[in-house]
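The next block holds one structure in the form of structure tokens; read it before the comments.
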Amino acid sequence: MSSDSCSSPYCNAGWGELLSHMSPYGYANFGIAFGLGFSVIGAAWGIWLTGSSLVGAAVKSPRIRSKNLISVIFCEATAIYGVIMAIILANKIKKPDDDSYQLPENWDFPGFYYAGYGMFSAGLSVGLTNIASGVSVGIAGSSCALADAQDSSLFVKILIVEIFASALGIFGIIVGIIESNSCTFPISALEE
Amino acid sequence: MTDALCPSYAVSLGYLGVVAAATLSNFGAAWGTWKSGVSVLNTGIRHPTSVMKNIIPIVMAGVIGIYGLIVAVILAESIPTPSKNGDNAYSIYTAMSHLCAGLCCGASGLAAGGCIGIVGDYGVRA
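Chains as they are written, first to last, in this note's numbering: chain A, 6 to 197; chain B, 9 to 134.
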């Protein structure tokens with residue numbers, strides 16, 4: 006493979022060079038952005054799905070208005086998981102102690118890259134699972150509002166469906182916290 | 009840092025396996041929950057006593073999400089931090105196997121959750 010590979014300075018040396026040439030600080034901050042952004046997308050999607058059904062059904066049966074706001078609260082909880090993860094990750098990003106122009110030679114590069122990739126995947130885990138959870142709670146909540154409008158004894162049983170759907174968001178934040186636990190950015194060079 | 013067998017970017021592939029296990033199986037669980045949930049609610053209007061029986065597909069779909077959580081936690085715990093003197097302990101071999109393990113779990117969770125949803129949808133209405 007090395008005999009026919011491109012040796013011009015404009016070619017990269019494969020996936021390894023591509024993955025390791027973006028700064029770990031960039032990976033970590035993109036993880037925060039994706040975690041928070043995707044969680045809010047999931048929560049918003051769920052709220053408009055359930056809110057439109059709730060408002061429409063309340064035209065004919067106004068008694069469902071205040072009870073079915075619980076569905077909206079379940080959707081909001083997925084956005085809160087995203088905020089929690091973003092705060093945890095943002096507090097882990099640390100500047101190096103000495104503000105020199107380049108990192109010293111004996112910098113802890115493996116730990117540096119480990120921290121960047123770990124925070125990126127923690128943010129992605131939380132964000133994407135919260136999209137799934139938010140949409141699921143939204144569709145279940147929309148059907149809950151319509152069923153409650155027809156027969157109010159169904160409401161409590163239907164909440165079971167929504168509790169299972171919002172548990173998916175909790176799975177995401179559990180994985181995110183476990184992943185980001187061991188990720189610490191180095192702040193000073195290794196003593197060798 | 010540029011050790012050929014344990015490069016630094018191996019960690020990114022390993023963690024992408026963790027992400028795949030957690031998120032894809034949760035997408036499958038969500039799909040199963042909402043598809044069968046809608047049909048449970050629609051049949052519950054005419055037959056209220058059938059609701060508690062027909063919650064079973066939703067419980068099964070939630071279990072798919074738990075499988076993804078278990079695999080993601082196991083993979084995340086087995087990615088070691090670099091040692092104190094800067095050596096990587098995580099090889100590209102292990103990283104690729106973790107990536108594919110996560111994709112296996114996630115893609116099959118996605119399929120299983122969708123299947124539970126569609127079958128639950130029709131089964132409840134039957």
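Ideal placement from N, C-alpha and C gives every residue a C-beta, glycine not left out.
Since this is a predicted model, take the numbers as computed values, not measurements.
is_contact[residue i, chain A] using C-beta, thresh 8 Å
i	result
residue 26 of chain B	yes
residue 59 of chain B	yes
residue 9 of chain B	The predicted model places residue 9 of chain B with a pLDDT of 43, which falls under 50 and marks its position as unreliable, so this point remains unresolved.
residue 75 of chain B	no
residue 115 of chain B	no
residue 120 of chain B	no
Cutoff 8 Å: residue i Cβ touching any chain B Cβ
i	result
residue 119 of chain A	yes
residue 149 of chain A	yes
residue 30 of chain A	no
residue 155 of chain A	yes
residue 14 of chain A	no
residue 170 of chain A	yes
Residue i, DSSP secondary structure in three states
i	result
residue 14 of chain A	coil
residue 125 of chain A	helix
residue 60 of chain B	coil
residue 19 of chain A	coil
residue 104 of chain A	coil
residue 77 of chain B	helix
Residues near residue i in its chain [Cβ-Cβ closer than 7 Å; skip 5 each side]
i	result
residue 112 of chain B	none
residue 144 of chain A	54
Cβ neighbours of residue i in the same chain (closer than 6 Å, five flanking residues each side left out)
i	result
residue 84 of chain A	44, 45 and 48
Whole-angstrom distance between residue j and residue i, CA atom to CA atom
i	j	result
residue 190 of chain A	residue 111 of chain A	15 Å
residue 54 of chain B	residue 35 of chain B	30 Å
residue 42 of chain A	residue 23 of chain B	20 Å
residue 81 of chain B	residue 28 of chain B	12 Å
residue 194 of chain A	residue 188 of chain A	17 Å
residue 176 of chain A	residue 45 of chain B	20 Å
residue 9 of chain B	residue 181 of chain A	Only weak support exists for where residue 9 of chain B lies, its pLDDT of 43 falling under 50; the value from the coordinates is given anyway. C-alpha separation (whole angstroms): 26 Å.
residue 60 of chain B	residue 56 of chain A	25 Å
residue 77 of chain A	residue 97 of chain B	46 Å
residue 79 of chain B	residue 30 of chain B	8 Å
Residues from the region 37-69 of chain B in contact with chain A, defined by Cβ distance under 8 Å
37, 38, 39, 41, 42, 45, 46, 48, 49, 50, 52, 53, 56, 59, 60, 63, 66, 67 and 69
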